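Going by full-length UniProt numbering, the letters in the sequence shown line up with residues 1 to 119, in that order.
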Amino acid sequence: MSESITRRRWAHIRIIAFWGFAALIIAGSLMPAANIPETGLSDKAGHVIAYAILTVLGLYAHPRYTITVAGGVFVLGVALEGLQHLTPTRTFEWLDIVANGAGVVLGLVIAAVSRGFRG
1 MSESITRRRW AHIRIIAFWG FAALIIAGSL MPAANIPETG LSDKAGHVIA
51 YAILTVLGLY AHPRYTITVA GGVFVLGVAL EGLQHLTPTR TFEWLDIVAN
101 GAGVVLGLVI AAVSRGFRG
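If you want it as structure tokens, here you go:
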């Protein structure tokens with residue numbers, strides 16, 4: 001298999017991973033509260049971790065669009081928080097938005113550090 005085919009295949013895998021994880025966050029954010037599995041993490045830690053992972057995946061899927069990815073992930077978090085207000089079993093929380101933003105920043109740091117180690 002040629003190197004360009006392998007690169008393209010990995011690029012597609014990174015894009016699928018990013019958008020797949022985004023779909024999981026969307027589904028998890030809008031499902032009824034009773035259906036959310038217990039993870040043992042605090043709610044806010046879960047937000048930070050999920051949005052950090054989504055940001056890292058996005059930056060690997062779309063490496064030329066750092067600001068767009070980071071901003072888009074944050075806006076997604078704000079939009080989902082607003083949509084939760086419209087559901088019967090979920091509520092809007094400002095601290096969730098703060099945790100989402102902290103996750104985006106953490107994801108930016110992780111991606112920057114890992115890119116630095118790769119040269």
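Glycine residues also receive a C-beta, built at the ideal position from the N, C-alpha and C atoms.
These numbers come from a predicted model, not from an experiment.
Classify residue i as helix, strand or coil using the three-state DSSP reduction.
i     : result
Pro38 : For the sequence presented, residue 38 should be read as Glu rather than Pro. Reduced to three states, the DSSP call for Glu38 is coil.
Gly46 : helix
Thr55 : helix
Arg90 : coil
His85 : coil
Tyr65 : coil
On a CA-only basis, which of the options is nearest residue i? Give me that one, please.
i      : options                       : result
Arg80  : Tyr65, Ala112 and Leu24       : Before going on, a small fix: residue 80 reads as Leu here, not Arg. Checking every option, the nearest Cα to that of Leu80 belongs to Leu24.
Ile110 : Gly82, Arg7 and Ile49         : Ile49
Pro88  : Ala70, Ala34, Arg8 and Gly58  : Ala34
Val104 : Ile16, Thr39, Gly71 and Ala27 : Gly71
Ala22  : Val98, His62, Ile53 and Leu41 : Ile53
Arg64  : Ala112, Ser4 and Ile13        : Ala112
Leu30  : Leu95, Leu83, Gly46 and Val98 : Leu83
Express the C-alpha separation of residue j and residue i in angstroms, rounding to a whole number.
i           : j      : result
Gly116      : Leu57  : 16 angstroms
Pro32       : Arg90  : 7 angstroms
His85       : Ile16  : 29 angstroms
residue 130 : Gly107 : A question about residue 130 goes unanswered here, because the residues of the chain that appear run from 1 up to 119.
Need the endpoints of the alpha helix (DSSP H) that residue i sits in, please.
i    : result
Arg7 : Glu3 to Leu30
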